[in-house]
DNA sequence: GTTCTTCAGTACCGAACGGTACAGAAACCC
DNA sequence: GGGTTTCTGTACCGTTCGGTACTGAAGAAC
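Protein chains in written order, with our numbering: chain A, 7 to 210; chain B, 7 to 210.
Here it is in structure tokens:
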């Protein structure tokens with residue numbers, strides 16, 4: 007069936023991209039509806055009609071962010087070995103959180119950490135969103151153990167958590183203005199803890 | 007000279023401790039003046055007379071947090087070797103951000119990351135506060151290189167940044183409800199990247 | 001062309017925000 | 001005890017918050 011009535015006068019996905027950027031730069035609480043609608047180029051009423059409310063807009067923005075701006079993470083999972091997956095993910099992550107044409111840092115970290123006030127649900131939602139990625143990585147590393155390119159005694163869950171910890175810590179640094187090269191250097195150090203790093207994992 | 011007029015009816019330091027906890031749990035923006043003064047047990051006017059305004063109260067709260075709740079960091083710097091310093095710091099950090107009687111995570115991380123809205127100065131202040139600790143660690147590691155207990159080609163600045171990245175990533179995880187044991191396991195992995203880890207640093 | 005549905009925009013809602021004026025009370029100095 | 005100084009408490013300031021009626025206009029179906 008065709009859509010009745012007057013069709014929407016703006017591109018909902020394009021507007022969502024603008025919302026992503028505002029939330030990314032200012033966080034959930036710091037982004038007011040006026041900030042959002044101004045950036046999206048639409049009216050307050052149109053926003054409510056299209057997305058429901060501010061929290062729902064944020065959830066959709068985060069989902070879109072996970073799809074578009076974190077595509078590198080899914081790409082990294084396709085690398086042939088556990089070590090290659092981790093190295094690709096961490097280096098691509100650094101590039102993503104230090105892009106000149108995007109806000110510094112990571113939306114799913116600086117969007118909201120504290121659980122006080124009206125954004126308790128938001129912090130939970132972001133935590134769950136991050137955990138999804140962590141579990142996907144753990145699954146991939148588990149397969150790497152099964153395939154033998156990670157040592158048999160490797161704990162894939164713990165290793166995945168370590169990798170995410172490094173990426174989140176880098177995001178905090180990036181939000182504070184750290185240089186891209188510095189964060190790549192951090193990754194180079196971090197990778198020394200990963201089984202498969204050249205001659206650096208004699209024990210484990 | 008003795009103090010003139012009616013003396014203050016509350017303990018300013020004790021009240022500040024309460025404020026630390028509110029900011030820690032709810033972040034700068036998420037903590038309203040009513041939340042703060044209720045927890046501090048004092049009146050709105052008394053708070054303004056004693057601390058100036060909300061942002062100044064936050065700065066003092068962060069400074070007190072750095073003194074009291076992060077004493078473990080200064081203690082860690084006294085360990086005899088670079089590796090021991092890092093191991094002590096990271097493990098003590100995990101305990102600090104997962105204390106049952108305190109909010110989860112780290113005030114200087116979740117206090118405010120985004121620079122939007124009215125808290126741009128706050129994010130900058132926190133970043134500077136974190137950088138102070140990072141530089142103190144870098145100085146200590148530089149001494150470790152000079153003293154020979156870290157390899158001569160170690161970059162103390164990069165290594166200090168790596169350590170802080172791990173601690174900040176752990177703080178993000180802790181704020182999301184991660185278990186203490188899991189974060190200690192993360193630290194155990196992270197330490198494998200540090201020169202001096204048992205037989206694990208063949209290269210570098 | 002008529003009707004109906006959905007859009008866009010203004011103007012507004014009550015509530016909460018950070019911050020302050022003002023009045024009264026309490027403790028010091030003399 | 002008088003005078004002064006500083007604290008405490010209430011009540012309020014203007015602003016901004018997220019969210020919503022309500023008015024027109026625009027387009028599709030018939």
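No residue lacks a Cβ here, since even glycine has one placed at the ideal position from N, Cα and C.
Model, not experiment: these values are computed from the prediction.
C-alpha distance - residue i paired with residue j, whole-angstrom precision
{"i": "residue 164 of chain A", "j": "residue 173 of chain A", "result": "14 angstroms"}
{"i": "residue 171 of chain B", "j": "residue 178 of chain A", "result": "8 angstroms"}
{"i": "residue 85 of chain A", "j": "residue 94 of chain A", "result": "8 angstroms"}
{"i": "residue 145 of chain A", "j": "residue 151 of chain A", "result": "10 angstroms"}
{"i": "residue 115 of chain A", "j": "residue 138 of chain A", "result": "14 angstroms"}
{"i": "residue 72 of chain B", "j": "residue 182 of chain B", "result": "22 angstroms"}
{"i": "residue 131 of chain B", "j": "residue 59 of chain B", "result": "16 angstroms"}
{"i": "residue 153 of chain A", "j": "residue 67 of chain A", "result": "37 angstroms"}
{"i": "residue 36 of chain B", "j": "residue 159 of chain A", "result": "43 angstroms"}
{"i": "residue 206 of chain A", "j": "residue 193 of chain A", "result": "Only weak support is given to the placement of residue 206 of chain A: the predicted model assigns it a pLDDT of 46, under 50, and the question is left unresolved by the model."}
{"i": "residue 185 of chain A", "j": "residue 32 of chain A", "result": "20 angstroms"}
{"i": "residue 30 of chain A", "j": "residue 119 of chain B", "result": "10 angstroms"}
{"i": "residue 208 of chain B", "j": "residue 200 of chain B", "result": "Because residue 208 of chain B sits at a pLDDT of 45, beneath the cut-off of 50, its placement in the model cannot be relied upon, and the point is left open."}
{"i": "residue 63 of chain B", "j": "residue 127 of chain B", "result": "13 angstroms"}
{"i": "residue 83 of chain B", "j": "residue 75 of chain B", "result": "15 angstroms"}
{"i": "residue 43 of chain A", "j": "residue 191 of chain A", "result": "39 angstroms"}
{"i": "residue 70 of chain B", "j": "residue 22 of chain B", "result": "8 angstroms"}
{"i": "residue 61 of chain B", "j": "residue 55 of chain B", "result": "14 angstroms"}
{"i": "residue 149 of chain A", "j": "residue 88 of chain A", "result": "8 angstroms"}
{"i": "residue 195 of chain A", "j": "residue 117 of chain B", "result": "28 angstroms"}
{"i": "residue 92 of chain B", "j": "residue 24 of chain A", "result": "41 angstroms"}
{"i": "residue 106 of chain B", "j": "residue 97 of chain B", "result": "16 angstroms"}
{"i": "residue 102 of chain B", "j": "residue 169 of chain B", "result": "16 angstroms"}
{"i": "residue 188 of chain B", "j": "residue 104 of chain B", "result": "11 angstroms"}
{"i": "residue 129 of chain A", "j": "residue 129 of chain B", "result": "18 angstroms"}
{"i": "residue 125 of chain B", "j": "residue 113 of chain B", "result": "15 angstroms"}
{"i": "residue 143 of chain A", "j": "residue 53 of chain A", "result": "35 angstroms"}
{"i": "residue 155 of chain B", "j": "residue 90 of chain B", "result": "10 angstroms"}
{"i": "residue 41 of chain A", "j": "residue 108 of chain A", "result": "17 angstroms"}
{"i": "residue 100 of chain A", "j": "residue 147 of chain A", "result": "20 angstroms"}
{"i": "residue 79 of chain B", "j": "residue 202 of chain B", "result": "20 angstroms"}
Status (buried if at least 16 other CB within 10 Å, exposed otherwise) for residue i
{"i": "residue 6 of chain B", "result": "There is no way to answer for residue 6 of chain B, as the model of chain B reaches only from 7 to 210."}
{"i": "residue 141 of chain A", "result": "exposed"}
{"i": "residue 175 of chain B", "result": "buried"}
{"i": "residue 198 of chain B", "result": "buried"}
{"i": "residue 167 of chain A", "result": "buried"}
{"i": "residue 27 of chain B", "result": "buried"}
{"i": "residue 136 of chain A", "result": "buried"}
{"i": "residue 39 of chain A", "result": "exposed"}
{"i": "residue 121 of chain B", "result": "buried"}
{"i": "residue 7 of chain A", "result": "With a pLDDT of 44 at residue 7 of chain A, under the threshold of 50, the modelled position of this residue cannot be trusted; read the value that follows with caution. Burial call: exposed."}
{"i": "residue 162 of chain B", "result": "buried"}
{"i": "residue 5 of chain B", "result": "The question about residue 5 of chain B has no answer, for chain B in this structure spans 7 to 210."}
{"i": "residue 110 of chain A", "result": "buried"}
{"i": "residue 77 of chain A", "result": "exposed"}
{"i": "residue 180 of chain B", "result": "buried"}
{"i": "residue 20 of chain B", "result": "exposed"}
{"i": "residue 204 of chain A", "result": "exposed"}
{"i": "residue 12 of chain B", "result": "exposed"}
Range of the contiguous alpha helix (DSSP H) that encloses residue i
{"i": "residue 196 of chain A", "result": "186–196"}
{"i": "residue 21 of chain A", "result": "18–36"}
{"i": "residue 56 of chain B", "result": "50–57"}
{"i": "residue 45 of chain A", "result": "39–46"}
Ordered list of beta strand (DSSP E) runs contained in the segment 60–107 of chain B, each at least 3 residues: The qualifying runs do not exist here; there are none.
What residue ranges within the segment 101–178 of chain A form continuous beta strand (DSSP E) runs of no fewer than 3 residues, ordered along the chain? none
How about the segment 14–21 of chain B and the segment 37–49 of chain B: do they share at least three Cβ pairs that are nearer than 8 angstroms? yes
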